[in-house]
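Reading through the structure tokens given below for one structure.
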Amino acid sequence: MWDFPLFPQSASTHAPKVDAVYIGLMIVSAAFTLSFAFFVLYFAVKYRRGSRADRSGIQDSNPIAEAVYITVPTLLGIGLFVWGALVYFELVSPPGDAVDIYVIGKQWMWKAQHPEGSKEINELHVPVGQPVRLVMTSQDVIHSFYIPAFRVKQDVLPGRYTTLWFQPTKVGRYRLFCAEYCGAEHSRMGGWVTVMEPSEYEEWLEGSSEQTGMAVAGEALFRQYHCSGCHGGNSTVKAPPLEGVFGGPVPLLNDPADPNSGVRIIQADERYLRDSILRPKDEVVAGYEPLMPSFEGQIPEEDMLKLVAYIKSIGRGRTTRPTTDRGMQDGEGAPSNITEIMGMGTGNGGDAR
Amino acid sequence: MSSEPHHDAPAQGPDLAGPDTGMAPGTIPTSGHAPGHDEHIHPAPRNPLFRYIFSTDHKVIGIQFLFSGLIFFVVGGLLALAIRWQLAWPWSDLPHLSALWDSSAGQMPPEFYNKLVTMHGTIMIFFVIIPILLGAFGNFLIPLMIGARDMAFPTLNMLSYWFMWPAFVLIVFSFFVPGGASEAGWTGYPPLSTAEWSTPGSLNGQTIWLMALLFAGISSMMGSINYITTVLMLRAPGMTLFRLPMTVWGLFITALLQAFALPVLTSALVMQLLDRVAGTNFFSPTGLSVANGPEEVGGGHPLLWQHLFWFYSHPAVYIMILPAMGIVSDVISTFSRKPLFGYKPMVFAIGAIALLGFIVWGHHMFQSGMNPALGATFMLSTMMIALPSAIKTFNWLGTMWGGSIHFTAAMLNAVAFVAMFVIGGLSGIFMAATPTDIHIHDTYFIVAHIHYVLFGGSSFGIFAALYYWFPKMFGRMMNETLGKIHFALSFVFFNGTFFPMHIVGMHAQPRRYADYTGFELFNNEAVIGLNQLMTVCAIGLGLSQLILVSNFVASLVAGRKAGANPWRANTLEWQTGSPPPHYNFERIPTVYHPAYEYSLPEAESDYLPQTEPRPPRAEPLDHIMA
Ligand code: HEM
Ligand SMILES: [Cu+2]
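If you read the protein sequences in the order shown, they are chains A and B. In my numbering, each residue carries its 1-based index in the first sequence increased by 12. In my numbering, each residue carries its 1-based index in the second sequence increased by 146.
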């Protein structure tokens, strides 16, 4: 048949323990289900209407049987509880020497910040063999940080920190998902966890500041062209913030010159970003003054691409979605916008290892 | 409990019942008559408007609930097929439906997929399972099975049906408002559900969703009050609590459960509604801003919703299974021609499930960041609630042991219920055990569990009830051969649809993903192949229901006429005409013994209606039970 592992890869100290509980439960369940199925079928045949089975001595209630089938499952249940609770407490008690990494979830991306200062989006680099504790929060709705290969999952809530810890045991690249339904592009909110040898990890920490992805370059340009002066976090000018704009709905004035002309809603796509930079007076966001100057002729196309890439990277994922091509080789799927644009990760192809 | 064994042939009604007469406290027993208003029989209204539409007759109301529920079953089922289509062949055109979304070159937008998931869950739970089990069978059966002429509050009963209509209209209407139907999942977690710009469905759809659920809740509340009062006050003489058939026990405890849990959901719905329309901040943390919306003042907490929601919705899952458990107990006993094994333990098990059901809600929130001590407590209580469930399955098995089993369509569905519930209950333990739940929470494993209990359990229970009581409801028999074919196909396709979900779930395929193929972990032949298999089976499952529909319709007009008691059953509803007259019983029956006196050695036939005294010399079948 297919090459089909029941469990995802197992790459943390938690994974074997969780799998053991799972297998234990499997055994108990299989035993119950099969013996139950056996008796149903056996009775169904033996005591079918008109059969000549001996029906004497059958009771309608039997205290001994009842005592047995109440005690046995109770004891089993308590045993499973104790086992489960022991593993559970381990799963929620990070060791003292864990390193902290900060994680922020937002529609629809994961941002991580290492204590040494490196920032990542939809990527998380960690050293092998080192307990890692994630301190997490959300900027908008509830998300859930899920690494199947580590058997860990933790909801991420706005206005509150939650934590999660794991100790990777194998070098490799593992998938990271958002498990709590968080809106339109929920199924695109994923990324990679890269487990590295400690020495490589040190190198990566140092080198990561020199990243030169399109979006990272765009972020520099965003400051260079003084976009951040108005659209930035601490600006005094009232301009719309750009986080989450791309891919989401934008309310525009019907008549850009008349604030009372009513509102229409469009989807922010690449065209909209570009036009807003070059001809800002044509499409005015409801609730804002048409203050922005035109950058027509001031930004070379190359820079424009980088700027758009940056705004997309802080946006909400794709607006046009390519059809998944089942004919694709190497198990490649529909590309995920964020990883692709960011030049991070390898799209979706490649091996997880 | 206290009624003594009745060794002697009875003489006059009421004093036979022993000390617990089943009388309403304070009423004076009149010989052979239930307390209440039975002395004057009201004739059925002549005006068809009041006879068939605005009727206060519990039987008409029950059938109204049944038809509405079945229609929504079709709607919910079609939504499910659209979901499965996207999962098997992501982004391919849905035949004939692509016109619904004019964008994206015929592909289903993810927003639309999310609406499907949300509305499928909402409709199936609040508009199908609960209305059919409680509204339809609860209404139709309670007065008939306890020997009453109607519910305690007939007008309230009528209102409980008509309060569903605003809910029906709103939920359908919500698809057509700007932004479309709600997209927040059937669980409606804030801030996704409260922030206006978080999803298109949050513009208007979510508000309508909240209002629809409020109406459905009010309807359920009216029903519950009525059921509780009726069972407590209107039992026929001799119908002690421990002579009630299990179906009535199931419905009665469910009504209690609902009466205590629903107010919590109602207040949560109102709070969310206020958050959305009146600017309150019950569920918004300070400074929350979603999708560049304006910052909220905040001060609330999103987890509050989860606690309130699950405080209702965990009991709600038992609201959706206890009536079916009662129904299945009666069906299995009748067709095994054997008393129900361990009647009293069964009653106590239902009671225990209901009580424990109030202290396990946290098992839906193990990942939300709860204190581990609390998590462990919820884990323990959840493991404990599996025990009474296990006891019940052993008792059903014990009922079949040594019986003389007649495999009618109803019996087949009832046995399937038991078998599927075993699987669903056991998968519940995987999720009760926190370490494994951390991995499988919000994956397809959960979806498998839900469907083993709600389709394999509740829905097969509904099928069993339909085949069993159809003759009573409409006076005609359903076709048994078609019934068996329908059962066999449903059973096979059901397992084909939902069993593989355990596998892909354990393999981490998340639920509520519009497209899982974007990740190489799932974009392989095995996972996609399994998903396609599930979709093919789901389509088969959907088509098999056409057999049920045609059987239902054909039997309604041309089925063989059913006598009063075609299954030769003991309970009271079979001791009157099929369909029963407007006033149910010509004379209020007197009840002499529990409902399960099948195959008494002393009796001539293999059943003994509750209205007939035991033959002389008959030992009580079971000293625990009598
Ligand atoms: C032996 C009894 C049962 C146990 C131990 C059990 C346990 C659980 C647990 C722990 C969860 C939460 C899983 C998670 O979200 O990670 C869950 C979810 C669920 N259960 Fe059960 N359960 C049992 C019976 C039932 C029954 C009888 C029903 C309904 C008839 C039911 C319906 C559901 C539903 C609908 C959910 C999913 C809610 C959602 O997240 O959408 N369960 N169950
Ligand atoms: Cu629950």
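The beta carbon of each residue, even a glycine, is placed where N, CA and C say it ideally should be.
What does DSSP give as the partner residue(s) for residue 124(A) in the beta ladder?
Answer is 115(A) and 132(A), bridged to residue 124(A).
How far does the alpha helix (DSSP H) with residue 108(A) in it reach, from first residue to last?
In this chain, residue 108(A) is not harboured by any alpha helix (DSSP H), its DSSP state being neither H nor E.
Residue range of the beta strand (DSSP E) that includes residue 263(A):
DSSP places residue 263(A) inside the beta strand (DSSP E), whose first and last residues are 261-265.
Under 7 Å: does the beta carbon of residue 464(B) sit that close to some heavy atom of ligand 1?
For residue 464(B), the distance from the CB to the nearest heavy atom of ligand 1 is below 7 Å.
Output the distance between the C-alpha atoms of residue 665(B) and residue 204(A), rounded to the nearest integer angstrom.
Residue 665(B) and residue 204(A) have their alpha carbons spaced roughly 11 Å apart.
Residue 575(B) CB to nearest chain A CB: under 8 Å?
Under the Cβ distance rule, residue 575(B) counts among the residues neighbouring chain A, one pair being separated by less than 8 Å.
For residue 215(B), count neighbouring Cβ atoms within 10 angstroms of its own Cβ and tell me buried if that reaches 16, exposed if not.
Under this definition residue 215(B) is a buried residue.
Since residue 137(A) and residue 38(A) are thought to touch, with beta carbons under 8 Å apart, how far apart are those beta carbons, to the nearest angstrom?
About 34 Å separates the beta carbons of residue 137(A) and residue 38(A), which is beyond the 8 Å limit, so they are not a contact pair.
For residue 101(A), which option in 584(B), 402(B) and 605(B) has the closest C-alpha, if you only look at C-alpha atoms?
The option with the nearest alpha carbon to residue 101(A) is 584(B).
So, using beta-carbon positions, are residue 205(B) and residue 286(B) closer together than 8 Å?
Contact flag set, yes.
Can you find a CB in chain B that lies within less than 8 Å of the CB of residue 256(A)?
Chain B, which has a Cβ nearer than 8 Å to the Cβ of residue 256(A), makes this yes.
With a threshold of 8 Å, are at least 3 pairs of Cβ atoms found where one atom belongs to the segment 108-117 of chain A and the other to the segment 143-163 of chain A?
With three or more CB-CB distances shorter than 8 Å, the segment 108-117 of chain A counts as touching the segment 143-163 of chain A.
For chain B, find out if any of its Cβ atoms is closer than 8 Å to the Cβ of residue 37(A); answer yes or no.
Yes, residue 37(A) lies at the interface with chain B (some Cβ there is under 8 Å from its Cβ).
Answer yes or no: the CB of residue 510(B) versus the heavy atoms of ligand 2, is any distance below 7 Å?
Under cutoff, so the answer is yes.
If you draw a straight line from the C-alpha of residue 418(B) to the C-alpha of residue 462(B), how long is it?
Residue 418(B) and residue 462(B) have their C-alpha atoms spaced approximately 19 Å apart.
Tell me, please, whether the CB atom of residue 48(A) is closer than 8 Å to any CB atom in chain B?
Interface residue, yes.
Give the straight-line distance between the Cα atoms of residue 65(A) and residue 715(B), rounded to the nearest whole angstrom.
Going from the Cα of residue 65(A) to the Cα of residue 715(B) covers about 23 Å.
Decide if the segment 475-489 of chain B is in contact with the segment 739-748 of chain B; the criterion is three or more beta carbon pairs, one per stretch, under 8 Å apart.
Contact holds: three or more Cβ-Cβ distances are below 8 Å.
Comparing C-alpha positions only, which one of 438(B), 410(B) and 359(B) sits nearest to residue 257(A)?
Here the closest residue by C-alpha is 438(B).
With the cut-off set at 8 Å, would you say residue 468(B) and residue 396(B) are in Cβ contact?
Taking the C-beta atoms as reference points, residue 396(B) is found nearer than 8 Å to residue 468(B).
Counting only beta-carbon separations shorter than 8 Å, does residue 343(B) have a partner in chain A?
Taking Cβ atoms only, chain A reaches closer than 8 Å to residue 343(B), which makes this a yes.
Can you grab the Cα-Cα spacing for the pair residue 581(B) / residue 498(B), in whole Å?
Roughly 26 Å separates the two Cα atoms.
Range covered by the beta strand (DSSP E) that runs through residue 167(A):
Counting along the chain, the beta strand (DSSP E) containing residue 167(A) begins and ends at 164-168.
Counting only runs of 3+ residues fully inside the segment 181-215 of chain B, write out the beta strand (DSSP E) ranges in chain order.
Runs of the beta strand (DSSP E) inside the segment 181-215 of chain B: none found.
Is any heavy atom of ligand 1 found at a distance shorter than 7 Å from the C-beta of residue 574(B)?
At a threshold of 7 Å, residue 574(B) counts as near ligand 1, since its beta carbon sits closer than that to one of the ligand's heavy atoms.
Judging by CA-CA distance, which residue of 267(A), 312(A) and 168(A) is the nearest neighbour of residue 512(B)?
Of the candidates 267(A), 312(A) and 168(A), the one whose C-alpha sits nearest the C-alpha of residue 512(B) is 168(A).
What residues of chain A sit near residue 513(B), judged by a beta carbon separation below 7 Å?
In chain order: 156, 165, 166 and 167.
Excluding sequence positions up to five away, which residues of its chain have a Cβ less than 7 Å from the Cβ of residue 274(A)?
Correct list, in chain order: 266.
Give me, in chain order, the residues of the same chain whose beta-carbon lies closer than 8 Å to that of residue 23(A); leave out the 5 immediate sequence neighbours on both sides.
Correct list, in chain order: 161, 162, 180, 181, 182, 184, 186 and 207.
Cutoff 6 Å; reference residue 476(B); Cβ partners in own chain excluding five residues on either side
Cβ within range, chain order: 391, 392 and 393.
Residue from 349(B), 567(B), 684(B) and 358(B) with nearest C-alpha to residue 644(B)
Comparing alpha carbon positions, the residue from 349(B), 567(B), 684(B) and 358(B) closest to residue 644(B) is 684(B).
Is the segment 598-606 of chain B in contact with the segment 652-664 of chain B, if contact means three or more CB pairs nearer than 8 Å?
The segment 598-606 of chain B, when compared against the segment 652-664 of chain B, does not touch it at the 8 Å Cβ threshold.
Is there at least one Cβ from chain B nearer than 8 Å to residue 137(A)'s Cβ?
Not an interface residue.
Just checking: is the beta-carbon of residue 196(A) within a distance shorter than 8 Å of some beta-carbon in chain B?
Chain B places a beta carbon closer than 8 Å to that of residue 196(A), counting this residue as a contact.
So does residue 595(B) have its beta carbon nearer than 7 Å to some heavy atom of ligand 2?
Result no, Cβ not under 7 Å from ligand 2.
Proximity winner among 718(B), 547(B), 297(B) and 195(B), relative to residue 758(B) (alpha-carbon distances)
Nearest of 718(B), 547(B), 297(B) and 195(B) to residue 758(B), Cα basis: 718(B).
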